[in-house]
Amino acid sequence: MKVLITPLVKNERISKNIYRLSVEFYSKIKPGQFFMLKTTDNAFLLPRPISVNDVNENLISFLYRIEGEGTKKISSLHENDEIQIFGPLGNGFELENLKGKTAVIGGGIGIAPLLYLCKALGKKADVYLGYRDKENMYIFDEFKSFVNRCIVVTEDGSFGEKGFVTDYVDYENYDTVVTCGPEIMMNKIANNCKAQNIKCYVSLERRMACGIGACLGCTVETKTGNKRACKDGPVFDSEELI
Amino acid sequence: MANLKTNFMGLKFKNPIVAASGTFGFGEEFSKIYDLSILGGICSKGLTLAPRSGNKGIRLWETPMGMMNSIGLENPGLDKFISKELPRMKTYDTIIIANLGGHCEEDYFEGIYKLNDSNVDAIELNISCPNVKSGGMAFGIKSSVAYDLVSRVRKICRKPLMVKISPNAENIPDMALACEAAGADAISLINTIQAMAVDIKNKKAVFDNVYAGLSGPCVKPIALRMVHVAAKMVKIPICGLGGIMNANDIIEFVMAGATLVQIGTANFIKPDIAIDILNDLEEFIDTENIKSLDEIRGII
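The listed protein sequences derive, respectively, from chains A and B.
For the record, in the first sequence the residue sitting at position 143 is 149 according to the numbering used here, with numbers rising by one throughout.
For the record, in the second sequence the residue sitting at position 73 is 165 according to the numbering used here, with numbers rising by one throughout.
In structure tokens:
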């Protein structure tokens, strides 16, 4: 694996504070893996861990939300500007573990990595997408051709169903659940799955410095001791987590 | 052709660039990115006698030109290091230094005995750990406390011994002298600077431990001063670290008196940065027609 300095093919705003950035990349990537992204100046020191949103032949895209100065700086880059990318990192989703009827549940920016996953699952999954409101929605329409069913929920009901995405999942219909989003949402989903004896995989987000398992900044407590979100995750069997 | 070979504590380093403790794990992850034999050496993740699971809560925080960490010495313990990590590290064809911490003198002594019997090349003694017997004040704050610890460690330590000095020490020149008098073969400085971050939305400190260690380019001017001050005081060689990002920074540390240097936070910023730094360092000394870094060491 190498650190690449590569020109941006695109970096465009697609929703209120959400941008899609694409670069050329020529190695295999698993759904759920991420890259460490950084501007080539040292305006901000630490690279930002950003999940892979989609892969189209040799073009990969990342979706990121402007959270602080680092992501804001990345959003200011233009086409052909150089960016430092390092990856793919993390375990990603094991497709062979996602058995039977599968629900893919995303909330907020956690929806980003689920598009590539749904594509890989091949029309098998029902996807549940939770957004704050219509203004903050993004890529929901891109899921439709890759999933069995697409349910959109907004907290204020300004689009699709109203409320929390967790209110709309009929767990008994599924053998496996995959989720990525706010921890409070994933916790609720993991608890529901446990109660109904459904396999549940969660993709976690953590602060990271190295992205490869050396700095121990992104530790996750599990039943078998500390694990690293960057190297042992970001995808975990929810049963493993404390 | 640039000659960067460096003798330090009786060990022959290929070049003066060493990966700093806590930023490089045990090398395994970085060995998949580049050939670690280009490095002068590697300092292991900070080790303790027993395994430690580290601190809870947020462990990392970025600051302007730096970062703070509060990892809490998470490590697998010395036995596992010696049986599992060290044999692999020894295949990297570079000098392997074990960074050893402890929370009481006995921890350090037992750790030294275990490392004496291993094939590690040298020991870096982390004296920034809180001493449980003196209310949690780190061993490295008061020179007299550090002297007691280092001299007792020295008596039993059969490996080259480098003491890592904390910038939080009450008096850097006294501390450097105390370590030298206690029999250290070298000193390394600086460890991270104790610092603080506040989460104003939640009206609390960012870190569960309130204070955390600051590193990165923002600490370099302070590190340079401390290396310079220490170099004027002691005859034992100095390993300088603190915010080194490129070859020019290394030259600055060498001119301030360092023999060896460590790269820490920079490993996070670009994981293969040591390759760039080494190439640039070779180019610099060729361009400047410097035959050996000895020519410019401590010239300021």
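Glycine is no exception: its CB is placed at the ideal position from the N, C-alpha and C atoms.
Given the structure is predicted, the values throughout are model-derived calculations rather than measurements.
Count Cβ pairs between the region 261-281 of chain B and the region 304-322 of chain B that sit closer than 8 Å; are there 3 or more?
yes
Quick one: what's isoleucine 11 of chain A bridged to in DSSP?
Residue mapping note: residue 11 of chain A aligns to position 5 of the first sequence, counting from 1. Isoleucine 11 of chain A pairs with A/Gln90.
Using the three-state DSSP reduction, which class does asparagine 112 of chain A fall into: helix, strand or coil?
On the first sequence, residue 112 of chain A is found 106 positions in, with the first residue counted as 1. Per the sequence shown, the amino acid found at residue 112 of chain A is glycine instead of asparagine. Three-state DSSP puts glycine 112 of chain A in a strand.
Residue range of the beta strand (DSSP E) that includes serine 307 of chain B
In the second sequence, residue 307 of chain B corresponds to position 215, counting from 1. That run of the beta strand (DSSP E) goes 303-307.
With distances taken Cα to Cα, identify the nearest neighbour of aspartate 47 of chain A among A/Gln90, A/Phe40 and A/Glu75.
For the purposes of this step, residue 47 of chain A is taken as residue 41 along the first sequence, with counting starting at 1. Of A/Gln90, A/Phe40 and A/Glu75, the residue nearest in Cα terms is A/Gln90.
Give the residues of chain B in contact with asparagine 193 of chain A, contact being defined as C-beta atoms less than 7 Å apart.
One-based indexing of the first sequence puts residue 193 of chain A at position 187. Near asparagine 193 of chain A there are no residues of chain B at all, since even the closest Cβ is about 17 Å away, more than 7 Å.
Please confirm if threonine 225 of chain A has its CB atom under 8 Å from at least one CB of chain B.
Counting from one through the first sequence, the residue named residue 225 of chain A turns up at place 219. Threonine 225 of chain A counts as touching chain B.
Which first and last residues belong to the alpha helix (DSSP H) in which leucine 396 of chain B is found?
Nothing about residue 396 of chain B can be read from this structure; chain B reaches only from 93 to 392.
Does the Cβ-Cβ distance between leucine 373 of chain B and alanine 339 of chain B come in under 8 Å?
Your numbering for residue 373 of chain B matches position 281 in the second sequence. Your numbering for residue 339 of chain B matches position 247 in the second sequence. Yes; because the gap between Cβ atoms is below 8 Å, this pair is in contact.
Does the region 181-199 of chain A come into contact with the region 97-112 of chain A, if we say contact requires no fewer than three beta-carbon pairs (one atom in each stretch) closer than 8 Å?
yes
Could you spell out where the alpha helix (DSSP H) holding lysine 256 of chain B opens and where it closes?
Taking the second sequence and counting its residues from 1, one reaches residue 256 of chain B at position 164. Counting along the chain, lysine 256 of chain B falls outside any alpha helix (DSSP H), though it belongs to the beta strand (DSSP E) covering 253-256.
What residues from the region 327-355 of chain B come within 8 Å of chain A, judged by C-beta to C-beta, listed N to C?
Met337
Out of B/Leu281, B/Gly228 and B/Pro143, which has the shortest C-alpha to C-alpha gap to valine 311 of chain B?
Translated into positions along the second sequence, residue 311 of chain B becomes position 219. Checked all of B/Leu281, B/Gly228 and B/Pro143; the closest Cα to valine 311 of chain B is B/Leu281.
Alpha helix (DSSP H) runs contained entirely in the region 230-255 of chain B, provided each spans 4 or more residues:
235-248
Between the region 166-177 of chain B and the region 287-307 of chain B, are three or more C-beta pairs nearer than 8 Å?
no
Kindly indicate if chain B contains any beta-carbon less than 8 Å away from that of leucine 14 of chain A.
Working through the first sequence from its first residue, we reach residue 14 of chain A at position 8. By this cut-off, leucine 14 of chain A is not an interface position.
Let me see if you follow: with CB-CB separation under 8 Å, is isoleucine 115 of chain A close to chain B or not?
Translated into the one-based positions of the first sequence, residue 115 of chain A becomes position 109. Isoleucine 115 of chain A does not count as touching chain B.
Chain A residues whose Cβ lies nearer than 8 Å to that of arginine 151 of chain B
Taking the first residue of the second sequence as position 1, residue 151 of chain B is located at position 59. Here the neighbours are Arg213, Leu222, Gly223, Cys224 and Thr225.
Could you check where the alpha helix (DSSP H) with asparagine 324 of chain B kicks off and where it finishes?
Here residue 324 of chain B is taken as the residue at index 232 of the second sequence, counted from 1. The amino acid at residue 324 of chain B is misidentified as asparagine; the sequence shows lysine. Looking at the DSSP string, the run of the alpha helix (DSSP H) that includes lysine 324 of chain B is 312-325.
Element boundaries [alpha helix (DSSP H), containing isoleucine 361 of chain B]:
Here residue 361 of chain B is taken as the residue at index 269 of the second sequence, counted from 1. Segment 358-361, the alpha helix (DSSP H) holding isoleucine 361 of chain B.
Members of the region 109-140 of chain B near chain A, C-beta cut-off 9 Å
Gly114, Thr115, Phe116, Gly117, Phe118, Gly119, Glu120, Glu121, Phe122, Lys124, Ile125, Tyr126 and Lys137
Within 8 Å of any Cβ in chain B, is that where the Cβ of methionine 143 of chain A sits?
Your numbering for residue 143 of chain A matches position 137 in the first sequence. Cβ-Cβ to chain B under 8 Å: no for methionine 143 of chain A.
Chain-ordered residues of the region 160-174 of chain B with a beta carbon less than 8 Å from chain A
Asn161, Ile163 and Glu166
Coarse secondary structure for tyrosine 126 of chain B, derived from DSSP in three states:
Stepping through the second sequence from its first residue, residue 126 of chain B is reached at position 34. Three-state result, tyrosine 126 of chain B: coil.
If we ignore side chains and look at the alpha-carbon of each, how far apart do glycine 194 of chain B and valine 61 of chain A end up?
Residue mapping note: residue 194 of chain B aligns to position 102 of the second sequence, counting from 1. Residue mapping note: residue 61 of chain A aligns to position 55 of the first sequence, counting from 1. Roughly 48 Å separates the two Cα atoms.
For aspartate 386 of chain B, count the other beta carbons within 10 Å of its own beta carbon; 16 or more makes it buried, fewer makes it exposed. Which is it?
Against the second sequence, residue 386 of chain B aligns to sequence position 294. Looking at its Cβ environment, which holds fewer than 16 other Cβ atoms inside 10 Å, aspartate 386 of chain B is exposed.
Under 9 Å by beta carbon: chain B residues contacting valine 219 of chain A
For the purposes of this step, residue 219 of chain A is identified with residue 213 of the first sequence, where counting begins at 1. Valine is not the amino acid found at residue 219 of chain A; the sequence shown has glycine there. Here the neighbours are Gly117, Glu120 and Glu121.
State the beta-bridge partners of cysteine 156 of chain A as determined by DSSP.
Your numbering for residue 156 of chain A matches position 150 in the first sequence. DSSP lists A/Val133 as partners of cysteine 156 of chain A.
Along the chain, where does the beta strand (DSSP E) containing valine 208 of chain A start, and where does it finish?
Position 202 of the first sequence holds residue 208 of chain A. Note, valine 208 of chain A: beta strand (DSSP E), 205-209.
Sequence-distant residues of the same chain with beta carbon closer than 8 Å to arginine 246 of chain B, five excluded per side:
As a working mapping, residue 246 of chain B is identified with position 154 in the second sequence. Cβ within range, chain order: Leu253, Ala274, Gly275 and Ala276.
Please name the residue in A/Asp162, A/Leu123, A/Tyr25 and A/Thr77 whose C-alpha comes closest to that of serine 209 of chain A.
The residue you call residue 209 of chain A lines up with position 203 of the first sequence. Nearest of A/Asp162, A/Leu123, A/Tyr25 and A/Thr77 to serine 209 of chain A, Cα basis: A/Leu123.
Going along chain B in order, which residues have a C-beta closer than 7 Å to the C-beta of valine 9 of chain A?
The residue you call residue 9 of chain A lines up with position 3 of the first sequence. Lys362, Pro363 and Asp364, listed in chain order.
For my contact list, isoleucine 157 of chain A and tyrosine 177 of chain A are in at a C-beta cut-off of 8 Å; report their separation, rounded to the angstrom.
For the purposes of this step, residue 157 of chain A is identified with residue 151 of the first sequence, where counting begins at 1. For the purposes of this step, residue 177 of chain A is identified with residue 171 of the first sequence, where counting begins at 1. 14 Å between Cβ atoms; not a contact.
Where glycine 38 of chain A sits in the DSSP three-state scheme:
Taking the first sequence and counting its residues from 1, one reaches residue 38 of chain A at position 32. Glycine 38 of chain A falls in the coil class under three-state DSSP.
Taking the beta strand (DSSP E) that isoleucine 68 of chain A falls in, what are its first and last residues?
Here the question's residue 68 of chain A lines up with position 62 in the first sequence. Looking at the sequence provided, one finds phenylalanine at residue 68 of chain A rather than isoleucine. Looking at the DSSP string, the run of the beta strand (DSSP E) that includes phenylalanine 68 of chain A is 65-71.
Glycine 231 of chain A - DSSP class collapsed to helix/strand/coil:
Here residue 231 of chain A refers to the residue found at position 225 of the first sequence. Looking at glycine 231 of chain A - three-state DSSP - the assignment turns out to be strand.
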